[in-house]
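Chains as they are written, first to last, in our numbering: chain A, 1 to 200; chain B, 1001 to 1200.
A short worksheet on the structure shown next.
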């Protein structure tokens, strides 16, 4: 039995790479939604960070599923939370320096949400959470890190890429690596396999 | 302060890639030791799987450190254990099919050992352990998996590459991703940073 092609409602190159590495037949389509507006609206309702990630993943999946009603569509979102505060990606080096300075020596959470649509309806959802602790970083170190890694780190919230040199910023990482990269692969593959969408 | 160059006493391309991705200045040198003979000798002494990994990592580090007495040398080994039994890499497709059949539906451990030498003496060691559970695999699925992935999987003990399609074989993975890939990166980087071997 052939695998059902998956449509990834995301422009994230690492998510696409993770799925391709796992041998999943997948194409990517960017789902353009106004994430900042949704986040702000949800923040005003005191939504929890994990619920914000779930809502954004759902919105992206639904948008692409509307255009591909017969398809299998995966929406994804990742939220970085410091306590109940949700952070957005840094847009300038100054913001990145500020974010790294605030994360330095502290613990934060990454919530990675997945929502799967089939036949234009949500059929499965999952939220994975990881807990990361940054070691205390000096100002000079942060500046040198950004000199070496900007603008690449601007694509990641928190201004670090843990799959590259960013791993050196951490003293402790608890949680699934795929969740940290923004796509909890294992529960997704289990579900796809269970439902016969991929060979098993 | 410049990073101290690290000599990786291993021919494993993924270990080299992990260190390079993390921005570590590293070169690789294969440490040729008779692993099979060491494993067999240790098995006869009822050595625990984690101790076998530690001993092999130490032997590799020492061999390269003897040739580079002033250097910073990292020895690594990974052992796959089913209970107290240690497995070796499959040499033929038939052996790989047999290994996957035995791992199917069961839990096994991966022990990844690191031993660091400096000035020809061991200065640090670490063993990370991960617990992996494979879902029940049919014979047809195993054969199709090997058709697609042999001989690449022959380089990994257990005949799967979890960083590729092999992730689809698993129902549960507990433990650090870097430990599963054979190089527990986080404790290594913490130590290198603490001792000033890499910038921090």
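Virtual Cβ for every residue (Gly too), placed ideally from N, Cα, C.
In the DSSP assignment, residue 60/A falls within the alpha helix (DSSP H) that extends over 49-67.
Shown here for residue 1031/B: same chain residues with a beta carbon closer than 6 Å to its own, the five before and five after excluded, namely 1009, 1060, 1063 and 1064 in chain order.
Note: residue 1115/B is bridge-paired with 1075/B and 1125/B in the DSSP secondary-structure output. Assigned with DSSP and collapsed to three states, residue 1007/B falls in strand. In the three-state reduction of the DSSP assignment, residue 1157/B falls in the coil class. A straight-line Cα-Cα distance of about 25 Å links residue 170/A and residue 114/A. Counting C-beta pairs with one atom in each stretch, the region 1018-1033 of chain B and the region 165-184 of chain A have three or more that are closer than 8 Å, which means they touch. Under the Cβ criterion of 8 Å, residue 21/A is counted among the residues facing chain B.
Note on geometry: alpha-carbon atoms of residue 1086/B and residue 1049/B lie some 6 Å from one another. Per the C-alpha coordinates, the member of 132/A, 159/A, 155/A and 133/A positioned closest to residue 145/A is 159/A. Within chain B, 1167 and 1168 have C-beta atoms less than 7 Å from the C-beta of residue 189/A, given in sequence order.
Chain order gives the chain A residues near residue 1141/B as 199 and 200, where near means a beta carbon separation below 8 Å. The three-state reading of DSSP puts residue 95/A in helix, counting H, G and I together.
With the rule of 3 Cβ pairs closer than 8 Å, the region 148-156 of chain A does not count as touching the region 119-126 of chain A.
Beta-bridge pairing by DSSP links residue 1170/B to 1134/B. Nearest to residue 67/A by alpha-carbon distance, out of 29/A, 57/A and 46/A, is 29/A.
Checking the DSSP bridge columns, you'll see residue 1080/B partnered with 1087/B and 1110/B. In the structure shown, residue 30/A falls within a coil segment according to DSSP collapsed to helix, strand and coil. Within chain A, the residues whose beta carbon sits less than 7 Å from that of residue 1177/B are 177, listed in sequence order. Under the three-state reduction of DSSP, residue 1162/B is assigned to coil, being neither helix nor strand.
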